[in-house]
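Protein chains in written order, with the numbering used here: chain A, 1 to 366; chain B, 1 to 351.
Glycine included, C-beta positions come from ideal geometry on N, C-alpha and C.
The structure appears right after this line, and notes come after that.
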């Protein structure tokens, strides 16, 4: 088995999962760890996870990290992308120039970098810069994740491999956040009046630059079509009485369930729709789908396809969001290291799977 | 970019492929190979109730080779049952001529790593000589028990077991000979051709998915086994292919299992039925289901529906598994390719 030397960049929700994965996999060797929080700097990577030390300490010295010999950097520093893309793009360019391949989950839209197709902020100048960095370093950049990166693009496209024609693809994420202790509830609009413009919704006001644009463009491209436009719509549901959930009490008349969707139009008709149904309760809008954490893919065409995928994990408030982003990054390492230099996507890498960890099975039913 | 494509074969899979090629922007039908001389000279459109295309069917292989097509889509399953070597001869001829080939036959070549060495070497030589590529696929193997579960495991931290099930309703479909072959209407004690076929990877297509999945996720298989269970008719009933007597087989459940670390790590099961009254707990309807046990645990259910072809999806999905691959196979480096060493592609979009 080949082994890969890996630098982990970021130790947040996703980064911690990646770090643990790198440490527990025999084919991966941690050689460097980039942290941001001053309290983490100088702390051993193993200790950060509450385990025994492994001899690699977290650092904020980027020059020292880039001077290391490594096959690949796993870039999960989402925090750096929330203010502006300047810092992460600088990081990526320097990583690539230093001759290391890079797998990034942090910038959603990097899952599909295609001139003329990609969202506006992926300017030619920015793409040129990253491509030059790949060329100088002989290195590869792959953007991936879960949504986007898997459930909204790779999975539905893979399902259409058996379709003769496709009229429309709908991908629906259904999550019940009742047990979710999150500080993001207001950000997502929960507990606010139905017409309140929550912060998250502001991100969607420019649909062609929303985080979903890349997946919509990717699915359309895989079907041999281009998109003329992307539209965004939203509905919310309220209750007449208060609702108590893990994150707090939602006042009567405030948002307790949201359905929002982005549609990519091609040739004047809808071709791909990405829909989210996020609930704090199943007692409103029974006509919307219900579920704990699942994705539905519906392909209208011939053959028509209906597929449903459910995930469960014991970690992370039982939500598989962060762990799946991290694992998609780690599982991609062999394929990305083997790929020729440049910016690559699902359209360039072979089908690959995860690695089966060599450990005894836990007891489970079924 | 438009690819010039020849459709080879007009059987149950070939017709679907032909219809798909004709309806697909980006693919141009330039030739149609038929076996029955009576069909030669007919317009390709006639085979699928489509408008005339100007492309006439031919049984002249030299004429097909002279077209210099980008790709031949080869669906001559009928020809392979009696003459497996003839298929290899065809593939070799096409590949050596510089033509890429997507094919649903022979199934033994879907995963070249475990295919017969001599055949692989012959065809690799032909690909090298012609600068061409070969891609063999069906829907299972080639999609539902390998590409799909492997793709799911991209999100896995730990994988303990991958379990896939195919449930098919054969009541409308089974011909008398297929009924016999599958054991329907037979005594449970009667010798079953299926058991002989699936007992060894040398004759069964069921093991290709096991090998692909094991390689992709890093299971080092120590052993494998085949099992068959049957469900018996409680009452005598009629199907289009004949009478099913009480006490004879109405449902078969076949499984191939891959063993590593002394336990089953891969379990692929097929439930084929002609009655919904027998062993409904094995699954009813037509769907594929896969479960990845580990962290995270994942479950995917897939249903496909078509209005064509007695509403059965098997032939059309075998056809599309091949035709949809054409642009990717043409772009690939010369050689033999498996369903897991090529990048992502999707199905067709009809303009």
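Reference residue i; option with closest CA among the options
| i | options | result |
| --- | --- | --- |
| residue 225(A) | 205(A), 121(A), 168(A) and 337(A) | 168(A) |
| residue 328(A) | 109(B), 103(B) and 156(B) | 156(B) |
| residue 25(A) | 158(B), 322(B), 105(B) and 24(B) | 158(B) |
| residue 60(B) | 36(B), 83(B), 75(B) and 46(B) | 36(B) |
| residue 293(B) | 99(A), 266(A) and 354(A) | 354(A) |
| residue 15(B) | 322(A), 319(A) and 164(A) | 164(A) |
| residue 28(A) | 245(A), 49(A) and 8(A) | 8(A) |
| residue 66(A) | 45(A), 282(A), 13(A) and 137(A) | 137(A) |
| residue 274(A) | 188(A), 174(A) and 13(A) | 174(A) |
| residue 250(B) | 323(B), 278(B), 83(B) and 262(B) | 278(B) |
| residue 92(A) | 57(A), 71(A) and 134(A) | 134(A) |
| residue 205(B) | 150(B), 114(B), 191(B) and 282(B) | 114(B) |
| residue 241(A) | 191(A), 216(A) and 258(A) | 191(A) |
| residue 272(A) | 315(A), 41(A) and 217(A) | 217(A) |
| residue 217(B) | 357(A), 236(A), 341(A) and 97(A) | 357(A) |
| residue 38(B) | 56(B), 171(B), 261(B) and 276(B) | 56(B) |
| residue 355(B) | 108(B), 150(B), 290(B) and 93(B) | Past the edges of chain B, shown from 1 to 351, lies residue 355(B), and the structure says nothing about it. |
| residue 201(B) | 257(B), 284(B), 62(B) and 121(B) | 257(B) |
Three-state class that DSSP yields for residue i in the structure shown
| i | result |
| --- | --- |
| residue 365(A) | For residue 365(A), the pLDDT reaches just 37, beneath the cut-off of 50, and the residue's location in the model is therefore unreliable, leaving the point undetermined. |
| residue 295(B) | strand |
| residue 319(A) | coil |
| residue 348(B) | coil |
| residue 45(A) | helix |
| residue 111(A) | helix |
| residue 201(B) | coil |
| residue 87(A) | helix |
| residue 337(A) | helix |
| residue 156(B) | coil |
| residue 56(B) | strand |
| residue 164(A) | coil |
| residue 270(A) | strand |
| residue 288(A) | coil |
| residue 43(B) | strand |
| residue 353(B) | Residue coverage of chain B in this structure runs from 1 to 351, which leaves residue 353(B) outside it and unanswerable. |
| residue 222(A) | helix |
| residue 179(A) | coil |
| residue 130(A) | helix |
| residue 20(A) | helix |
| residue 38(B) | helix |
| residue 39(A) | coil |
| residue 230(A) | strand |
Residue i vs residue j beta-carbon contact at 8 Å
| i | j | result |
| --- | --- | --- |
| residue 254(B) | residue 228(B) | yes |
| residue 158(A) | residue 148(B) | yes |
| residue 214(A) | residue 148(A) | yes |
| residue 212(B) | residue 338(B) | yes |
| residue 256(A) | residue 290(A) | no |
| residue 73(B) | residue 110(B) | no |
| residue 104(B) | residue 167(B) | no |
| residue 323(B) | residue 44(B) | no |
| residue 272(B) | residue 170(B) | yes |
Beta-ladder partner(s) of residue i, from DSSP
| i | result |
| --- | --- |
| residue 260(B) | 263(B) |
| residue 29(A) | 5(A) |
| residue 235(A) | 259(A) |
| residue 253(B) | 229(B) and 271(B) |
| residue 250(A) | 243(A) |
| residue 72(A) | 6(A) and 101(A) |
| residue 183(B) | Beta-bridge pairing links residue 183(B) to no other residue. |
| residue 342(A) | 140(A) |
| residue 165(B) | 269(B) and 289(B) |
| residue 343(B) | 350(A) |
| residue 8(B) | 33(B) and 74(B) |
| residue 294(A) | 174(A) and 310(A) |
| residue 356(B) | In the structure as shown, chain B starts at 1 and stops at 351, and residue 356(B) therefore has no counterpart that could be examined. |
| residue 302(B) | 307(A) and 288(B) |
| residue 354(B) | The structure shown does not extend to residue 354(B), since chain B spans only 1 to 351, so no value can be given for it. |
### Query
So, do the stretch 331 to 339 of chain B and the stretch 29 to 41 of chain B have three or more beta carbon pairs nearer to each other than 8 Å?
no
### Task
Inspect the CB distances between the stretch 136 to 148 of chain B and the stretch 292 to 300 of chain A and report whether three or more fall short of 8 Å.
no
### Query
Within the chosen definition, does the stretch 57 to 77 of chain B reach the stretch 94 to 104 of chain B through at least 3 CB pairs nearer than 8 Å?
yes
### Task
Say whether the stretch 327 to 342 of chain A touches the stretch 186 to 206 of chain A, bearing in mind that this needs 3 or more beta-carbon pairs closer than 8 Å, one atom from each stretch.
no
### Task
Please confirm if the stretch 165 to 176 of chain B is in contact with the stretch 338 to 347 of chain A, defined as three or more CB-CB distances below 8 Å between the two stretches.
no
### Query
Three or more C-beta pairs closer than 8 Å, one from the stretch 254 to 269 of chain B and one from the stretch 161 to 170 of chain B: is that the case here?
yes
### Task
Report yes or no: do the stretch 302 to 316 of chain A and the stretch 109 to 129 of chain A share at least 3 C-beta pairs separated by less than 8 Å?
no
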